[in-house]
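Numbering (the numbering used here), first residue to last: 2 to 303.
Note that CB positions come from ideal geometry on N, CA and C, so glycine has one too.
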């Protein structure tokens, strides 16, 4: 079924995208409706939308990488944009790692393992009540470890805010590449005109061209550099905050997810709190001692 889901049910505090009009809806009739009750169907609905959003992030990052590879040679005509493309490559790599590790965790460590346990319990069940209980336990486990339960609202909002930054990055890169493509066309046309004109006219053309290129630097290159610096800093702060929240979680699986996301200790080197042992006292300190700037960034991008 294709329909636009209610904002309050799907992604509160975040922007709805065109892909969010897709949702998964089951219609259960007969005895199976005893297991798949309306609240259970709603749980599957929320899980589908969570996975769908994660898949959209994978698609967005794949498109970003393809655009970078496609335009890398063409942009050599404009040497001034080299640092911008380098920053785009670096930020894309960070985002790809984050999204891929989150997808692996949810798909295999959460859903696949929980499904295996459910199959065993259903096969050994002696009555319908045991089947219903096993299925409810299956859903509860998935919802908790996929950050969809009531106790993980802050974590889920942080993850959604991180996804929103990926969309912002896509908009920045698309806008920049569009302007760069227009600049390439202009420079190529100017080159042909130089060959066709006499030497006196060439000097005048070069003066006009230098002024135009300075305007391009002022209106496109410099603002894009600044925007990317802010975006990179905001993204890294968001991920760092997310890691701190994971280490403070009561579920061991979510604590170990923070190790997977920061396998090379890049974020750990930026924040000493990620070096501390996962004691109860540390979990309390991590939750309470976040700086005001981090809190402000979290609220700003919600």
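Touching or not, the segment 166-185 and the segment 61-75, by the rule of three or more beta carbon pairs under 8 Å? Contact check between the segment 166-185 and the segment 61-75: three or more CB pairs, one atom from each, fall below 8 Å, which counts as touching.
Hey, could you find the ends of the alpha helix (DSSP H) residue 42 is sitting in? Where residue 42 is concerned, the enclosing alpha helix (DSSP H) starts and stops at 39-72.
Are there 16 or more other CB atoms within 10 angstroms of the CB of residue 177, so buried, or fewer, so exposed? Classification of residue 177: buried, given that the 10 Å Cβ count is 16 or more.
With 16 as the cutoff for other CB atoms within 10 Å, does residue 141 come out buried or exposed? Residue burial is scored here from C-beta neighbours: residue 141 has fewer than 16 other C-beta atoms within 10 angstroms and is therefore classed as exposed.
Given 8 Å, three or more beta-carbon pairs between the segment 128-143 and the segment 102-120: In short, these stretches touch, since the Cβ pair count reaches three.
Proximity winner among 29, 110, 107 and 223, relative to residue 42 (alpha-carbon distances): The shortest Cα separation from residue 42 among 29, 110, 107 and 223 belongs to 29.
Quick check for students: name the residue ranges of the alpha helix (DSSP H) that lie wholly in the segment 106-189, counting only runs of 4 or more. Complete alpha helix (DSSP H) runs here, min 4: 114-125 and 129-146.
Nearest candidate by alpha-carbon position, reference residue 68, set 82, 56 and 86: It is 86.
When the distance is taken between beta carbons, is residue 100 closer than 8 Å to residue 311? No information on residue 311 is available, as it lies outside the stretch 2 to 303 that the chain covers here.
Complete alpha helix (DSSP H) runs within the segment 203-264 (minimum length 4 residues, chain order): Counting whole runs of 4 or more residues, the segment 203-264 contains the alpha helix (DSSP H) stretches 223-248 and 253-262.
Quick check: residue 242 and residue 102, are their CB atoms within less than 8 Å of each other? Going by C-beta atoms, residue 242 is not nearer than 8 Å to residue 102.
Test item: CB-CB of residue 180 and residue 221 under 8 Å: Going by C-beta atoms, residue 180 is nearer than 8 Å to residue 221.
Since residue 91 contacts residue 159 with CB under 8 Å, what's their CB separation in whole angstroms? With a Cβ gap of about 22 Å, residue 91 and residue 159 do not count as contacting.
Alpha carbon to alpha carbon, what distance is there between residue 44 and residue 130? Rounded to the nearest angstrom, the two C-alpha atoms are 19 Å apart.
Just the C-alpha distance for residue 1 and residue 126, rounded to the nearest angstrom, thanks. As displayed, the chain neither begins before 2 nor continues past 303, which places residue 1 out of reach and without an answer.
Just checking my contact of residue 24 with residue 46 at CB under 8 Å: how many whole Å lie between their CB atoms? For residue 24 against residue 46, the beta-carbon gap comes to about 6 Å, under 8 Å, which counts as contact.
Residues in its own chain within less than 7 Å of residue 190 by CB, not counting five upstream and five downstream? If the five residues before and after residue 190 are omitted, its C-beta is found closer than 7 Å to no C-beta atom of its own chain.
What is the C-beta distance between residue 70 and residue 156, in whole angstroms, given that I count them as a contact (C-beta under 8 Å)? That belief does not hold up - the Cβ atoms of residue 70 and residue 156 are roughly 34 Å apart, past 8 Å.
Assigned exposure category for residue 75 - 16 Cβ within 10 Å defines buried: It counts as exposed.
Considering only the alpha carbon of each residue, which of 83, 161 and 230 lies closest to residue 53? Looking at the Cα atoms, 161 is the closest of the given residues.
Let me make sure I understand the geometry here. Which of 143, 37, 166 and 165 has the alpha-carbon closest to that of residue 107? Among 143, 37, 166 and 165, the Cα nearest to that of residue 107 belongs to 143.
Assigned exposure category for residue 33 - 16 Cβ within 10 Å defines buried: In summary, residue 33 is exposed, with fewer than 16 beta-carbon neighbours lying within 10 Å of its beta-carbon over all protein chains present.
Out of curiosity, what's the CA-to-CA distance linking residue 132 and residue 36? C-alpha separation (whole angstroms): 8 Å.
Are the CB atoms of residue 80 and residue 226 nearer to each other than 8 Å? Cβ atoms of residue 80 and residue 226: not closer than 8 Å.
For residue 280, the three-state DSSP class (helix, strand or coil): With a pLDDT of 45 at residue 280, under the threshold of 50, the modelled position of that residue is not reliable, and the figure given next carries that caveat. In this structure, DSSP gives residue 280 a state outside helix and strand, which the three-state scheme calls coil.
In the structure shown, what three-state DSSP assignment does residue 266 receive? Note: residue 266 maps to coil in three-state DSSP.
If residue 217 and residue 186 are in contact, beta carbons under 8 Å, what's the gap, nearest whole angstrom? Taking a contact as a CB-CB distance under 8 Å, the pair residue 217 and residue 186 does not count as one, their CB atoms being some 12 Å apart.
Sequence-distant residues of the same chain with beta carbon closer than 6 Å to residue 97, five excluded per side: Within the same chain, Cβ atoms closer than 6 Å to the Cβ of residue 97 are found at 62, the five residues on either side in sequence being excluded.
From the DSSP output, in three-state form, read off residue 28 for me. The DSSP-derived three-state label of residue 28 is coil.
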